[in-house]
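With the sequence shown counted from 1, adding 660 to any position gets you our numbering.
First comes the structure, then the notes that go with it.
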Amino acid sequence: MTDASPTPSTGQNFVPAAPANPPPPPVEARPAQPVPVVEKPASAASGPLPAHHLADQLARIEDKCSRIEDKYARSEALLSRVEDKVENASTRMNEAARQSDLAALRTEVRSLSDRTKRLPGAGALVLAAIITAVLTVVLMVAVQRLNLQNMLPPPR
């Protein structure tokens with residue numbers, strides 16, 4: 661059984677704790693008025709309470725406990741619903757991110773395939789090699805027939 665404290669922590673008689681470094685009092689400060697102290701009734705300390713008072717207190721405590729348990733159960737149910745909603749939202753966000761990643765990857769692959777389609781094929785490369793070889797031979801024969809190698813300076 662708990663007794664009421666002599667100084668209530670709320671209401672008109674509440675006195676807050678003084679700060680660690682109180683500011684200096686003003687020049688014309690008035691003295692603080694004393695705080696009235698609530699005294700315990702003399703009957704509470706004189707003897708034990710009757711059994712029906714104790715049973716009433718126990719019933720009130722049990723009632724408060726059941727209300728607290730109900731509030732806790734409601735809070736727990738609310739938190740589980742919030743957890744489910746957050747999980748569903750994160751799943752949707754992950755799927756959306758995955759979809760955007762796939763879209764970006766699809767775009768990159770498409771641009772890469774477009775660039776490779778514009779490259780010359782194997783037939784064009786073989787034809788360019790043959791033309792280069794034929795032109796090289798023709799030019800070398802022309803240089804030798806026209807005696808153009810004598811125009812180059814001699815090697816040192």
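Ideal Cβ positions, reconstructed from N, Cα and C, are used throughout, including at glycine.
For residue i, the three-state DSSP class (helix, strand or coil)
i           : result
residue 783 : helix
residue 799 : helix
residue 709 : coil
residue 806 : coil
residue 752 : helix
residue 766 : helix
residue 812 : coil
residue 734 : helix
residue 778 : coil
residue 702 : Because the pLDDT of residue 702 is 49, which lies under 50, any placement of that residue in the model is unreliable, and the question is left without a value.
8 angstroms contact criterion, which residue i and residue j should meet: CB distance rounded
i           : j           : result
residue 803 : residue 809 : 6 angstroms
Residue environment, residue i, which counts as buried when at least 16 other CB atoms sit within 10 Å
i           : result
residue 702 : Reliability of the predicted coordinates at residue 702 is poor, the pLDDT of 49 falling under 50, and the value obtained from them is presented with this limitation in mind. By the 10 Å Cβ count, residue 702 comes out exposed.
residue 770 : exposed
Cut-off 6 angstroms between Cβ atoms - residues of its own chain near residue i, not counting five sequence neighbours on either side
i           : result
residue 661 : Bear in mind that the predicted position of residue 661 carries a pLDDT of just 47, short of 50, making it unreliable; the figure below should be weighed with that in mind. Closer than 6 angstroms at the Cβ level, and outside the excluded window around residue 661, lies no residue.
Cutoff 8 angstroms; reference residue i; Cβ partners in own chain excluding five residues on either side
i           : result
residue 732 : none
Cut-off 7 angstroms between Cβ atoms - residues of its own chain near residue i, not counting five sequence neighbours on either side
i           : result
residue 806 : none
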